[in-house]
Amino acid sequence: MHDEAPLDPFAGDPDDPAAALGDLEEIAPLSAAEREDVLADLADLEVFRTLLEPLGVRGLTVDCEDCGKTHYIDWELLRGNLRHLLDEGQPRVHEPALSPDPIDYVTWDYARGYVDGVIDSEEGRS
């Protein structure tokens, strides 16, 4: 599987500033329930993207507990982040997007509601 993380600019550098941090502690694997949640999020994300991208929505907003800011994450980056969480058991270090236009992004709850509305309208036609 291709790792979608950016390349380490200090890879192979004997003066890597991260070397002073020492060995990182072992990350516990996701529990079965956590894996199921991430897999469900990936499935939801694909449905959201399928329905919302043609309308001009570029991705989702995520309220970050670590930094207290709203992040605007494109579809592919969000998918990559969820895959990384599934594969590595921890989220990636994040950086805010460069000058995103908030109008191009919706919340997870909005996307869920939109999908529910589409499903309800389809059921009403049957």
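Quick note, the sequence shown lines up with residues 30 to 155 if you use our numbering. Built from N, CA and C at the ideal position, the CB exists for glycine as well.
Pull up the distance between the alpha-carbon of residue i and that of residue j, whole angstroms please.
i           : j           : result
residue 138 : residue 42  : 43 Å
residue 55  : residue 72  : 28 Å
residue 66  : residue 114 : 11 Å
residue 130 : residue 101 : 8 Å
residue 146 : residue 45  : 51 Å
residue 94  : residue 152 : 37 Å
residue 116 : residue 62  : 15 Å
residue 127 : residue 91  : 15 Å
residue 150 : residue 99  : 31 Å
residue 141 : residue 85  : 17 Å
residue 36  : residue 154 : 49 Å
Out of the options, which has the shortest C-alpha to C-alpha gap to residue i?
i           : options           : result
residue 118 : 69, 76, 60        : 60
residue 64  : 92, 111, 102, 129 : 111
residue 96  : 72, 122, 62, 45   : 122
residue 83  : 44, 91, 133, 129  : 133
residue 120 : 144, 40, 58       : 58
Going by beta-carbon coordinates alone, are residue i and residue j separated by less than 8 Å?
i          : j           : result
residue 89 : residue 135 : yes
residue 70 : residue 87  : no
Count the CB pairs spanning the stretch 103–122 and the stretch 74–94 that are closer than 8 Å, and state whether there are at least three. yes
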